[in-house]
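Structure first, commentary second.
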Amino acid sequence: MGRGKIVIRRIDNSTSRQVTFSKRKSGLLKKAKELSILCDAEVGLIVFSSTGRLYDYANTSVKSVIDRFSKLREEHHQLLNPTSEVKFWQREAASLRQQLRHLEECHRQLMGQELSGLKAKDLQNLERQLEMSLKGVRTKKNQIFDDEIKELNQKGNLIHQENIELYNKLDLIGKENEGLQKKIYEARDVNRGNKTFQPPYSISNAHDLHAPIHLQLSQPHIQTQPGPGLKKDEVPAKAIKLGLQLH
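Following this line, the structure appears as structure tokens:
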């Protein structure tokens with residue numbers, strides 16, 4: 006069963022009214038705080054109870070919220086009245102000049118100038134601001150140095166790897182050169198051995214050792230003088246000489 010609708014009207018019972026006020030006031034303050042955090046809004050809340058007790062909340066300060074509200078309300082009324090526009094801008098210019106003088110004074114104090122009018126507490130606050138600023142500067146500087154050191158280390162590792170690869174390539178080329186030189190020396194030794202080697206016999210045609218050799222039969226030479234006991238036309242077998250010419 007759903008919750009019944011509550012009629013929004015004054016609670017007559019004082020006890021019930023006080024309990025309801027306490028609950029609703031706590032919820033309202035909680036919602037105001039959540040609104041300022043979630044939405045990054047400047048929130049100011051002022052509540053007076055029926056007994057005159059004050060309850061307030063502001064994420065900055067109640068005074069700054071009230072001043073801002075009053076200023077904006079006044080500006081709104083002035084913009085609606087054209088005759089007061091000049092005075093409004095005059096006040097804005099005076100306010101900006103005052104802020105500029107204050108900033109210039111703070112800058113000179115941060116630079117260590119015009120400190121004679123400051124009290125001990127003001128000097129302590131100034132010193133604290135300078136220490137915080139110096140700490141932030143040193144932190145940023147150390148971060149930049151760390152990033153540069155990491156980058157240099159990475160470059161050094163890459164260069165080291167490249168050097169190792171080049172050294173391996175040079176070593177491989179050196180081994181290949183040694184193998185080629187060894188083959189050249191072996192070929193030279195073989196050539197020298199072939200030159201110094203003399204065969205037990207050789208055939209020469211008086212022109213070129215490597216020229217082809219041709220064998221050709223010539224006409225047989227027959228002796229015309231017959232031997233004793235033979236007729237004139239008879240030729241002994243031993244008297245026929247076969248001619249062999251080498252070309």
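Okay, so the sequence shown: first residue is 6 according to my numbering, each after it adds one.
Each residue gets a CB set at the ideal place from its N, CA and C atoms; glycine is no exception.
This one's a predicted model, so the numbers in the text were calculated from it and none came from an experiment.
A Cβ-Cβ distance of about 16 Å is found for the pair T65 and E39, leaving them out of contact under the 8 Å criterion.
Looking from the CA of G49, the closest CA among I178, R29, L34 belongs to L34. A46 sits in coil when the DSSP states are folded into three classes, being neither helix nor strand. Remark: C-beta atoms of I71 and D61 do not approach each other more closely than 8 Å. Counted as a single uninterrupted DSSP element, the stretch harbouring L123 is not any beta strand (DSSP E), since DSSP gives it neither H nor E. Spatial neighbours of S19 in its own chain (CB-CB distance under 6 Å, excluding positions within 5 residues in sequence) are not present. Three or more beta-carbon pairs separated by less than 8 Å link the stretch 96–116 to the stretch 131–141, which places the two stretches in contact. Taking E80 as the centre and dropping the five residues before and after it, the same chain places the C-beta of F93 closer than 8 Å to its C-beta, in chain order. Its chain contains E110, R113 as the residues whose beta carbon lies nearer than 8 Å to that of E119, once the 5 sequence neighbours on both sides are disregarded; these appear in chain order. Annotation: N158 to G179 spans about 31 Å, alpha carbon to alpha carbon.
Note on the stretch 11–97: whole alpha helix (DSSP H) runs with a minimum of 4 residues are 19–44, 67–85, in chain order. In the structure shown, E109 falls within a helical segment according to DSSP collapsed to helix, strand and coil. Around the beta-carbon of A125, fewer than 16 other beta-carbon atoms lie within 10 Å, marking it exposed. When the Cα atoms are used, Y172 and G141 turn out to be separated by approximately 46 Å. Residue nearest to I42 within the set E191, R78, A63 is A63 (criterion: CA-CA distance). Ranked by Cα distance from I16, the first of G32, S55, Q103, V91 is S55.
When secondary structure is reduced to three states using DSSP, Q148 falls in the helix class.
Assigned with DSSP and collapsed to three states, Q118 falls in coil, not helix or strand.
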